[in-house]
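Quick mapping for you: the protein sequence lines, in order, are chains A and B.
Residue numbering for the first sequence follows the working numbering, starting at 656 and increasing by one per position.
Residue numbering for the second sequence follows the working numbering, starting at 76 and increasing by one per position.
Note that beta-carbon positions come from the ideal geometry of N, C-alpha and C, so glycine has one too.
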Amino acid sequence: MKVEIKLFAGFRAYTPNTRDRRYTDVPDGSTVGDIINSLGIPEEKKKIIFINGVHGTVDSVLQEKDRLAIFPPVAGG
Amino acid sequence: MEKIIRVNMSDLSVKTDKVPKQYQGLGGRALTSTIVASEVPPTCDPLGPDNKLVIASGLLNNTPAPNAGRLSVGCKSPLTGGIKEANAGGVVGTKFGRMGIAAVVVEGKPKKDGYYKLILTKDDARLEPADDLKGLGNYDTVAKLTAVHGEKTGYVSIGQAGEMLLTGSSIAVTDRENRPTRHAGRGGVGAVMGSKGLKAVVVDDTGGAFPKPVDPEGFKKASKKLLDALKTHSVTSEGLPTYGTNILANIINEAGGYPTRNFSEGRFEGVEKISGETQHDVILERGGEIKHGCMPGCVIQCSRIYHDKKGEYLTKGPEYETIWANGANCGIDDLDAIAQIDRLCDDYGLDTIEWGATVGVAMEAGVKKFGDAKGAIELIKEVPKGTELGKTLGNGAAATGKKYNVTRVPVVKNQALPAYDPRPIMGIGVTYATSTMGADHTAGYAIAPNIMKVGGEVNPLVPEGQVETSRNLQIATAAVDSAGLCLFIAFAILDIPSGFEGVYEMLNAQYGLNLTADDVGALGMQVLKTEREFNEKAGFTKADDRLPAYFLAEKLSPHDKIFEVKDEELDTVFNF
């Protein structure tokens, strides 16, 4: 299935190269954790995960055309 | 810190007193709010002779504690009409610590037109005429003062906006490069300083030194606990130093709460061009600096130095709030234009949040089009000219909305909302509505648990849990604001209890006290109670603890949310 994967801050380096610049192909029923592993993002770091703008977890199951965003622990002001 | 310096602008006298009993043991916001509540009539004209401008040092500013050195500025606000504390980094807070100054209280009003500078040294405090500084921006003001008083001196100043008594004006404090880039921004504090004919404060700490703690070994241990927390938490040790505060742009945008085009949408299509990641890359490409501390003793180093296309210094940062206000909120995606506006805000002495919110309202009114970066720069250049347009805009979002009959004006207690929409982030909405400061994000930074999973996790999209979240953060913040510590230590100490212990154990070791964690909370509560009481006497009622009505009616995309915390719940925030 196709999902939109956006990686930010220190995770930018793990951004997948895709021919379709917006969507990445992933196996149906992938969890956020599956995608984190397949991209090689370090597991132990705490992460801020958004799926379609709502907080998710590594166990959240993704659907077709979901917008997944992953941030390392960050804050600002 | 033993000294209170009283500056009477009516007779131009300056005297130094010991801190009286009723103000002992207080610092920063606790001290400014207590003095203002005790000595300023709550119904006075904020630009008249009865208001007082209190500049206070935090309790740990006379120590080498990590991230101490913040300076608090308090008064009755000419923007909100209520009590105000605005807080800045820079070099002056630490200098006050070395000089034993707890507070400077500026009172009265000069009988004749004219400007003065207050010169503070280790052993002296005096006023001198400063009409040669009249009409100058903060950068030229600091340059002229530096030629006389030196580069190692700290400077507090106002620009043209404060001289014109504009209610969107700020007070500048010099940074470690001797530039006027750190501001006590919110609430028109610059206008109060201008109304008293005070153009600048010269802070020369030559010969000054930190006093010895009562318990030097205890202080070292406690200080290390805070330092370790700051160095281990990823926010304070990696995220903030690398990307600065503007790392938030993409997160808040992703969360759907990044106010776009005068709070009409929750995501900005141009966010990538003004993001913290892009800013980081541009800064490094052009030879600017990241990992920069605005105060001596800062270990977080979230500030940065921004160069223009030619590789020359332009401005600091800019910070997340500034880039949001003058970027997404105006539909502008040109980072260089925003940096130029930041430079001009620092120079003229304008609160960048109030300014950007104001331009958003002006764009809604059709004064310029959303997205017009050149037009936005033209607007800010009106301010030092003193034109009617410049004065209207310089007086803030509410004044501008009134002038142009705009209905969608994002203010609480007349002060503009900062960079988080309250509809999909309801915790910060509670803080905006109820804080004694007006719409203020730092006063109870619910973004931490609502978005960043720091200090807990509270779903931002529902009303449940938000009142308690905001209440607890407002109490904790009032305490941290009194210690002279940068509020960003909260990201570490909310998650690492030993860091929090380090804070009050340092106070105990420095001053020979026996504070517990509960005492810290009690201090915060006392400060808030004092402020609430002042506001009540100034005429505020629960009707003033509300968001503008359209936040309860207009759904914000992409989540299509309205603000759902009920009025009766908002009225329970101060039940303690």
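- Where B:Y190 sits in the DSSP three-state scheme: Looking up residue 190 of chain B in the second sequence gives position 115. Coil at B:Y190, not helix or strand.
- Integer Cβ distance of B:E182 from B:M84, believed to fall under 8 Å: Taking the first residue of the second sequence as position 1, residue 182 of chain B is located at position 107. Taking the first residue of the second sequence as position 1, residue 84 of chain B is located at position 9. With 8 Å as the limit, B:E182 and B:M84 qualify as a contact, their Cβ atoms being about 7 Å apart.
- Just mark B:K449 as buried or exposed, buried being the case when its beta carbon has 16 or more other beta carbons within 10 Å. Counted from its first residue, the second sequence places residue 449 of chain B at position 374. Residue environment for B:K449: exposed (fewer than 16 other C-beta atoms within 10 angstroms of its C-beta).
- Identified DSSP bridge partners for A:F726: Within the first sequence, numbered from 1, the residue matching residue 726 of chain A stands at position 71. Answer is A:I703.
- Message: Given this structure, state the Cα-to-Cα distance separating A:N672 from B:E352, to the nearest angstrom.
- Response: On the first sequence, position 17 is the one that residue 672 of chain A refers to. On the second sequence, position 277 is the one that residue 352 of chain B refers to. If I take the Cα positions, the gap works out to 18 Å.
- Nearest candidate by alpha-carbon position, reference B:K443, set B:K227, B:P153, B:L468 and B:S545: Taking the first residue of the second sequence as position 1, residue 443 of chain B is located at position 368. Ranking the options by Cα distance to B:K443, first place goes to B:L468.
- 9 Å Cβ cutoff, B:M527 in contact with chain A: By one-based count along the second sequence, residue 527 of chain B stands at place 452. Closer than 9 Å: yes.
- Message: To the nearest angstrom, how far is the alpha carbon of B:P153 from that of A:T679?
- Response: Locating residue 153 of chain B in the second sequence gives position 78, counting from the first residue. Locating residue 679 of chain A in the first sequence gives position 24, counting from the first residue. Straight-line measurement puts the Cα of A:T679 at about 53 Å from the Cα of B:P153.
- Which same chain residues, not among the five before or five after A:D714, have their C-beta less than 8 Å away from its C-beta? For this step, residue 714 of chain A is matched to residue 59 along the first sequence. So the list reads T686, V687 and G688, once near-sequence residues are dropped.
- Message: Please list, in chain order, the chain A residues whose beta carbon lies closer than 9 Å to that of B:P633.
- Response: As a position in the second sequence, residue 633 of chain B is number 558, starting the count at 1. Those are N707 and G708, listed as they occur along chain A.
- Closest Cα partner of B:N480 within the set B:G363, B:M438, B:A451 and B:G502: Along the second sequence, one-based indexing puts residue 480 of chain B at 405. Of B:G363, B:M438, B:A451 and B:G502, the residue nearest in Cα terms is B:M438.
- Message: So, for B:K170: in the same chain, excluding its five sequence neighbours on each side, which residues have a beta-carbon less than 6 Å away from its beta-carbon?
- Response: Against the second sequence, residue 170 of chain B aligns to sequence position 95. So the qualifying residues of the chain are G229, V278 and D280.
- Are the beta-carbon atoms of B:G189 and B:D206 separated by less than 9 Å? As a working mapping, residue 189 of chain B is identified with position 114 in the second sequence. As a working mapping, residue 206 of chain B is identified with position 131 in the second sequence. It is a contact, given that the beta carbons lie within the stated cut-off.
- So what's B:T196 in DSSP terms, helix, strand or just coil? Against the second sequence, residue 196 of chain B aligns to sequence position 121. Coil at B:T196, not helix or strand.
- Message: Can you list, in chain order, the residues of its chain with a C-beta nearer than 6 Å to that of B:D620? Leave out the 5 residues immediately preceding and following it.
- Response: Walking along the second sequence from the start, residue 620 of chain B turns up at place 545. Counting only Cβ-Cβ distances below 6 Å, and skipping sequence neighbours, we find A508, T509 and L645.
- Message: Counting C-beta neighbours from all protein chains within 10 Å, is the total for B:A284 16 or more, i.e. buried, or is it exposed?
- Response: Numbered from its first residue, the second sequence carries residue 284 of chain B at position 209. Only exposed fits B:A284, as fewer than 16 other CB atoms lie within 10 angstroms of its CB.
- Ends of the beta strand (DSSP E) at B:A105? Within the second sequence, numbered from 1, the residue matching residue 105 of chain B stands at position 30. Premise fails: B:A105 lies in the alpha helix (DSSP H), G103 to E114, not in any beta strand (DSSP E).
- Query: Enumerated in chain order, which unbroken segments of the beta strand (DSSP E) with a length of 3 residues or greater are wholly contained in the segment 244 to 325 of chain B?
  - Reply: 246 to 248, 257 to 259 and 273 to 278
- Query: For B:R498, which of helix, strand or coil comes out of DSSP?
  - Reply: Residue mapping note: residue 498 of chain B aligns to position 423 of the second sequence, counting from 1. Coil.
- Item | B:G614 burial status per 10 Å Cβ neighbour count (16 or more: buried) | Along the second sequence, one-based indexing puts residue 614 of chain B at 539. Exposed.
- Message: Tell me the rounded alpha-carbon separation between B:K488 and B:G406.
- Response: Locating residue 488 of chain B in the second sequence gives position 413, where the first residue counts as 1. Locating residue 406 of chain B in the second sequence gives position 331, where the first residue counts as 1. Answer to the nearest angstrom: the Cα atoms are 25 Å apart.
- Message: For chain B, check one thing: does any of its Cβ atoms lie closer than 9 Å to the Cβ of A:V729?
- Response: Taking the first residue of the first sequence as 1, we reach residue 729 of chain A at position 74. By this cut-off, A:V729 is an interface position.
- Task: Decide if the segment 423 to 436 of chain B is in contact with the segment 397 to 413 of chain B; the criterion is three or more beta carbon pairs, one per stretch, under 8 Å apart.
- Result: yes
- Within 10 angstroms of the Cβ of B:N589, are there 16 or more other Cβ atoms? Answer buried if so, exposed if not. Counting from 1 along the second sequence, the entry for residue 589 of chain B is found at position 514. Classification for B:N589: exposed.
- Query: If you pair each beta-carbon of the segment 301 to 310 of chain B with each one of the segment 161 to 177 of chain B, do three or more pairs fall below 8 Å?
  - Reply: no
- Roughly how many angstroms lie between the CA atoms of B:A324 and B:K366, to the nearest whole one? Reading the second sequence from its first residue, position 249 is the one you call residue 324 of chain B. Reading the second sequence from its first residue, position 291 is the one you call residue 366 of chain B. Their Cα atoms are separated by approximately 18 Å.
- Name, please, each residue of chain A whose Cβ falls closer than 7 Å to the Cβ of B:N137. Numbered from its first residue, the second sequence carries residue 137 of chain B at position 62. Simply none; closest approach about 25 Å.
- Item | Sequence-distant residues of its chain with Cβ nearer than 7 Å to B:G519 (five each side left out) | To locate residue 519 of chain B, count along the second sequence from 1; it is residue 444. Here the set comprises T506, S510, S545, L548, Q549 and T552.
- Query: Is the shortest distance between the beta-carbon of A:K700 and the beta-carbons of chain B less than 9 Å?
  - Reply: Against the first sequence, residue 700 of chain A aligns to sequence position 45. Yes, A:K700 lies at the interface with chain B (some Cβ there is under 9 Å from its Cβ).
- Ignoring anything shorter than 4 residues or poking outside the segment 443 to 476 of chain B, list the alpha helix (DSSP H) runs there in chain order. Counting only runs of at least 4 residues, the segment 443 to 476 of chain B fully encloses the following alpha helix (DSSP H) elements, listed from N- to C-terminal order: 448 to 460 and 463 to 469.
- Query: Can you list, in chain order, the residues of its chain whose CB lies under 6 Å from that of B:H258, leaving out five sequence neighbours each side?
  - Reply: Sequence index remark: in the second sequence, residue 258 of chain B carries index 183 (1-based). Cβ neighbours of B:H258 beyond the five flanking positions: A163, S245 and A247.
- Do the segment 93 to 102 of chain B and the segment 339 to 353 of chain B meet, that is, are 3 or more Cβ pairs less than 8 Å apart? no
- Could you check what DSSP says for B:D593 in three-state terms: helix, strand or coil? Counting from 1 along the second sequence, the entry for residue 593 of chain B is found at position 518. It is helical.
- Message: Considering only the alpha carbon of each residue, which of B:K127, B:R251 and B:A222 lies closest to B:G272?
- Response: Walking along the second sequence from the start, residue 272 of chain B turns up at place 197. Among B:K127, B:R251 and B:A222, the Cα nearest to that of B:G272 belongs to B:K127.
- Query: Which chain A residues are close to B:A330, counting only those with a beta carbon under 7 Å from its beta carbon?
  - Reply: Indexing the second sequence from 1 puts residue 330 of chain B at position 255. Within 7 Å Cβ-Cβ: F705 and G708.
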